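S.K.:
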Amino acid sequence: MEIMHHLVFPINALPSSQMVEEGIDEILWKADVKFEALRRYYEQIEADVLFYFSDVVIQAEAMGAKAKYSRKMMPAVEATARVMSLPDPAQVPRMAVNANVLRRMAGEFPYKLRAALVYGPFTVAGLLAGEEAILRKLIDDPKEVLSLLEKTFECARRYALYLVESGANLLWISDPLAGLIPPDQFWDFAGNFLRRIFELFASIPTILHICGDTYQIIQAMVGTGVRGISFDNCMDLLAVEDEIPKDVYIIGNIDPVEVIELGSPEEIISRTTDLVSMMALKNNFVLSTGCAVPPSAPIENVRLFLETGRKSFADLRPHIPLLSEISRNVYTGNGEETKQGVAAALEDGVEPLTIISSGLTRAIRKGSTMYEAKSCFLPAILLMVDAFYKGFQALENTLELGGSKKSSIVLGTVKGDIHEIGKNLVKIFLETYGHRVVDLGVDVDEDAFIRAYQKYHPTIIGLSAFTTESRKEMGKIISAFHREGIREVLFVVGGAAVNHEVSRSLGADGYARDAVRAVGMIEKLLQQSEVGV
Amino acid sequence: MLKYLRVPQDDQTMEIISSVLEETVGLIDIKKWSKCVLVDDFYELFHPYARSSKSISKLLGRAEHVYLIVVTLGEDLGNRAKEYFGKKEVFKGYILDRLGSFLVEEEVKKIDLEITRQCKEDGHATTHRYSPGYGDFSIKAQRTFFDLAKDTIPGLTISHGCLLSSEKTVSAIKGVIKSGY
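In order, the protein sequence lines correspond to chains C and X.
The opening residue of the first sequence carries number 18 in this note's numbering; numbering runs sequentially from there.
The opening residue of the second sequence carries number -12 in this note's numbering; numbering runs sequentially from there.
Put into structure tokens, the structure is as follows:
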């Protein structure tokens, strides 16, 4: 298990194409050029798992599909296979290039993990026969699909073996198209073939990556016997961590495009630190990207991601047992034990902010995630919140929270309405996430909201209404802000009298149907607008 | 109610729930008011909100009399729930609030059942219960309930948005249909 403990790496090595003059079309065909690109790339970034610049069409092309190449883009299948063959990888020029590169990488980076990146039988079958066609045939002609899968399985097996014999010491299978198989058919058309491959490579670490939302096939993925599962960035790792056995790595899942390619340095640091602070408590967590980092991603961004990840792990590592205990006690609603755990952590020298993020807030976030998945209900979350505050009170004298809090949010129940339990819950949940919340109370008119805006400069104003009469006030308040020329603030609405449609008609920026979801919605809004990051 | 709320069933939680239940008993101060009026008087009392409501016309189409009902649990329970929220004991505050809603509804239900039983004995049918704020029956109709019940229920207040206070207060109507209709 220790071999991949808390490692950090980006998936694939596509930005290495920036390190040489030649275009992608040449890199893929010339071992010298590819190796030089990779050598320079991995000298600049300290990744724990190395890749050899792989592309998804290689196996399909070797079996008969026609690929098109270009200087700046990754290759794609131009035409499906007319005649299908089962190649000897050593006789396929591009496969031989990769084997050559891996041999040289083994010499250059002998102590690193070097991945044999192979594509899954179902994905290759989809590229050979056409993606839509293969998905249709799952219903129309499953026998034909299975027969094709036997061939693509054999190709994948041979190619993986060839790469491992050439210097790879880790088998990575990406099977992006398998995520589109209906969950009840996943095992027969993907899982079982993957199991057969992983079984053959039991002596080295094996990883499976399937793109997209894989919640419904997690157990089948685990059932393949793979030693690590790499999750797409659309997945919430807190929601899957309990589904994964302790001896299987949870790998993921920073967004390779929004964060690594397009994100600012601040965003890369914040998102990476946040993910590690949530997941480092799991011994089987490995920090990576949620998919391959695009060729055009700035190298300095990749480096910053790796450095930040490594530093975050190092900061947390000595305190993981204490933080895990705090998080567990909050999650099970044990207030007194949480308080004691916080005191012990402080005595151990853990930074108060670390106790909040990795201990207290982690549990609330996990609870919220489980709530969204309908695996946990509101009372259980409220018990967690109580335990959170028991722990938080033990910290209050130790840090100046004012400067460290995230953006401020103003909340109020609108004029004519006195219902407040929902609003109060939103306030408390937001505070557990580290936001500064100004609660204007109930029966609040537009002038009071405008005065609060001028005083606190919130990034978000939350309006609550329980009755259909009072919800009319919401529109009046939003219009009053626009009349005053105030357009920088975002409005979110909630309460029994509001739904998505009403929210849209009011011109609100966000709506959530309950307090737990409201926090997720507000966090997303803040990320999108970048005003709260 | 706890099952409906999906409260965790462990010992620690049950202990909290027991203490909240015990506390609730000492906090509620149930006050009820009800009156039976002729349907024409009802429309007059609740003008213009009753006549403009299609759902009320449909509900009371064949009714001759209308029962008016107000039930409140008093201020203390709601105030204590707020105190808990203020002290960041959210679970207790939430359970207290939900218990309040449940108990006031139970009290209204008792009156409703009693009216139904009595009418049945007299050979009359009844409509189901309906409250201001449902469908197109304006919440502003609560102003009339307030005017009628305030002397019987001291401490009952109404906001300018026509919400009765304490928060755990319910107002409702129920039609009586005489036999032969």
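We put the beta carbon where it would ideally sit given N, CA and C, even for glycine.
Keep in mind that this is a model prediction, so the values were computed, not measured.
Can you check DSSP and say which residues form a bridge with N270/C?
M.R.: Taking the first residue of the first sequence as position 1, residue 270/C is located at position 253. Note: N270/C sits in a beta bridge opposite S305/C.
S.K.: Could you tell me which chain C residues have their CB closer than 7 angstroms to the CB of K107/X, listed as they occur along the chain?
M.R.: As a first step, residue 107/X is located in the second sequence; it is residue number 120 there, counting from the start. Chain C residues near K107/X: none, gap ~34 angstroms exceeds 7 angstroms.
S.K.: Reducing DSSP to helix, strand and coil, say where W204/C ends up.
M.R.: The count along the first sequence starts at 1 and reaches residue 204/C at position 187. Here W204/C sits in helix by DSSP.
S.K.: For a test of the three-state rule: what should DSSP assign to F248/C, helix, strand or coil?
M.R.: Counting from one through the first sequence, the residue named residue 248/C turns up at place 231. Reduced to three states, the DSSP call for F248/C is strand.
S.K.: Quick check: is the beta carbon of T371/C nearer than 7 angstroms to any beta carbon in chain X?
M.R.: In the first sequence, counting from the first residue as 1, residue 371/C sits at position 354. Output row for T371/C: interface = no.
S.K.: Pull up the CB-CB distance for H111/X and I164/X, whole angstroms please, since I reckon it's below 8 angstroms.
M.R.: The count along the second sequence starts at 1 and reaches residue 111/X at position 124. The count along the second sequence starts at 1 and reaches residue 164/X at position 177. Right, their Cβ atoms sit about 6 angstroms apart.
S.K.: Please list the terminal residues of the continuous alpha helix (DSSP H) segment that includes R379/C.
M.R.: Within the first sequence, numbered from 1, the residue matching residue 379/C stands at position 362. Taken as a continuous stretch (DSSP letters only), the alpha helix (DSSP H) holding R379/C covers R379 to E389.
S.K.: Using only the alpha-carbon positions, how far apart do G208/C and M238/C sit?
M.R.: Translated into positions along the first sequence, residue 208/C becomes position 191. Translated into positions along the first sequence, residue 238/C becomes position 221. Each residue's alpha carbon lies about 6 angstroms from the other.
S.K.: Would you check if the distance between the CB atom of N301/C and the CB atom of I246/C is smaller than 7 angstroms?
M.R.: Walking along the first sequence from the start, residue 301/C turns up at place 284. Walking along the first sequence from the start, residue 246/C turns up at place 229. Not in contact: N301/C and I246/C (Cβ atoms no closer than 7 angstroms).
S.K.: Based on the DSSP output, what are the partners of I224/C in its beta bridges?
M.R.: In the first sequence, the residue the question calls residue 224/C occupies position 207. Answer is W189/C and G245/C, bridged to I224/C.
S.K.: Going by C-alpha distance, which of G196/C, Y128/C and T97/C is nearest F139/C?
M.R.: Working through the first sequence from its first residue, we reach residue 139/C at position 122. Measuring from the Cα of F139/C, the nearest candidate turns out to be G196/C.
S.K.: Can you tell me the Cα-Cα spacing of L395/C and V431/C, whole angstroms?
M.R.: Looking up residue 395/C in the first sequence gives position 378. Looking up residue 431/C in the first sequence gives position 414. Rounded to the nearest angstrom, the two C-alpha atoms are 24 angstroms apart.
S.K.: Using the beta-carbon count (16 or more within 10 Å), is D253/C buried or exposed?
M.R.: Position 236 of the first sequence, counted from the first residue, corresponds to residue 253/C. That one is buried.
S.K.: Quick one: grab the DSSP three-state call for I82/X.
M.R.: Within the second sequence, the letter at position 95 stands for residue 82/X. Three-state result, I82/X: helix.
S.K.: Residues in the region 364 to 398 of chain C with C-beta within 8 angstroms of chain X's C-beta atoms, listed in sequence order?
M.R.: F394, L395, P396 and A397
S.K.: E354/C: which of V427/C, K154/C and E342/C sits nearest, CA to CA?
M.R.: Start at 1 with the first residue of the first sequence, and residue 354/C comes out as number 337. Closest option to E354/C, Cα to Cα, is E342/C.
S.K.: So is G420/C buried or exposed if we call it buried at 16+ other beta carbons inside 10 Å?
M.R.: In the first sequence, counting from the first residue as 1, residue 420/C sits at position 403. A caution first: G420/C carries a pLDDT of 46, below 50, which makes its placement in the model unreliable, though a value can still be read off. With fewer than 16 Cβ atoms within 10 Å of its Cβ, G420/C is classed as exposed.
S.K.: Checking the sheet assignment: what are the DSSP bridge partners for F322/C?
M.R.: If you number the first sequence from 1, residue 322/C lands on position 305. In the DSSP output, where bridge partners are listed per residue, F322/C has none listed.
S.K.: How about L507/C and D526/C: are their beta carbons less than 7 angstroms apart?
M.R.: Numbered from its first residue, the first sequence carries residue 507/C at position 490. Numbered from its first residue, the first sequence carries residue 526/C at position 509. Going by C-beta atoms, L507/C is nearer than 7 angstroms to D526/C.
S.K.: Mind pulling the chain C residues with CB within less than 9 angstroms of T131/X?
M.R.: For this step, residue 131/X is matched to residue 144 along the second sequence. Result: empty, since nearest Cβ-Cβ is about 15 angstroms, beyond 9 angstroms.
S.K.: Identify, in the order they occur along the chain, each residue of the same chain with its Cβ nearer than 6 angstroms to the Cβ of L100/X, setting aside the five sequence neighbours on each side.
M.R.: If you number the second sequence from 1, residue 100/X lands on position 113. There are no such residues.
S.K.: Given a cut-off of 7 angstroms on the beta-carbon distance, is the pair I460/C and I435/C in contact?
M.R.: For the purposes of this step, residue 460/C is identified with residue 443 of the first sequence, where counting begins at 1. For the purposes of this step, residue 435/C is identified with residue 418 of the first sequence, where counting begins at 1. Note on residue identity: the sequence assigns Asp, not Ile, to residue 460/C. Taking 7 angstroms as the Cβ cut-off, D460/C and I435/C qualify as a contacting pair.
S.K.: Return the residue from the list I495/C, A77/C and G511/C that minimises the CA-CA distance to E505/C.
M.R.: Within the first sequence, the letter at position 488 stands for residue 505/C. The residue from I495/C, A77/C and G511/C with its alpha-carbon nearest to that of E505/C is I495/C.
S.K.: Would a C-beta distance cut-off of 7 angstroms place C228/C and P193/C closer than the cut-off?
M.R.: Taking the first residue of the first sequence as 1, we reach residue 228/C at position 211. Taking the first residue of the first sequence as 1, we reach residue 193/C at position 176. Cβ atoms of C228/C and P193/C: closer than 7 angstroms.
S.K.: If I'm right that K155/X touches T11/X with Cβ under 8 angstroms, what's the distance once you round it to whole angstroms?
M.R.: Residue numbering aside, residue 155/X sits at position 168 when the second sequence is read from its first letter. Residue numbering aside, residue 11/X sits at position 24 when the second sequence is read from its first letter. That pair is no contact at about 11 angstroms.
S.K.: Relative to chain C, which residues along the region 31 to 53 of chain X have a C-beta separation below 7 angstroms, given in chain order?
M.R.: Taking 7 angstroms as the Cβ-Cβ cut-off against chain C, none of the residues of the region 31 to 53 of chain X qualify.
S.K.: Would T355/C count as contacting chain X if we go by Cβ distances under 7 angstroms?
M.R.: Within the first sequence, the letter at position 338 stands for residue 355/C. For T355/C, not one C-beta of chain X is nearer than 7 angstroms to its own C-beta.
S.K.: Can you tell me whether F139/C is helix, strand or coil according to DSSP?
M.R.: Counting from one through the first sequence, the residue named residue 139/C turns up at place 122. F139/C: helix per DSSP, three-state reduction.
S.K.: Go through the region 23 to 58 of chain X residue by residue and report every complete run of the alpha helix (DSSP H) that reaches 4 residues or more, in order.
M.R.: 26 to 32 and 41 to 46
S.K.: Less than 7 angstroms between CB atoms is the rule here; does F78/X satisfy it with respect to chain C?
M.R.: The residue you call residue 78/X lines up with position 91 of the second sequence. By this cut-off, F78/X is an interface position.
S.K.: With DSSP collapsed to three states, give me the class of L45/C.
M.R.: In the first sequence, the residue the question calls residue 45/C occupies position 28. L45/C falls in the coil class under three-state DSSP.
S.K.: By the three-class DSSP mapping on this structure, what secondary structure does S158/X have?
M.R.: In the second sequence, the residue the question calls residue 158/X occupies position 171. Three-state DSSP puts S158/X in a strand.
S.K.: DSSP three-state label for A532/C, please.
M.R.: Here residue 532/C corresponds to residue number 515 of the first sequence, with the count starting at 1. Helix, per DSSP.
S.K.: Run through chain X and tell me which residues come within less than 9 angstroms of V402/C, C-beta to C-beta.
M.R.: Against the first sequence, residue 402/C aligns to sequence position 385. Here the neighbours are K75, V77 and F78.
S.K.: Using a Cβ-Cβ cut-off of less than 9 angstroms, give me the residues of the region -10 to 6 of chain X that come near chain C, in sequence order.
M.R.: Those would be L(-8), R(-7), V(-6), P(-5), D(-3), Q(-1), T0 and I3, in chain order.
S.K.: Since S329/C and A297/C should fall inside the 8 angstroms C-beta cutoff, what is the C-beta to C-beta distance between them, to a whole number of angstroms?
M.R.: Position 312 of the first sequence, counted from the first residue, corresponds to residue 329/C. Position 280 of the first sequence, counted from the first residue, corresponds to residue 297/C. About 7 angstroms; that satisfies the 8 angstroms criterion.
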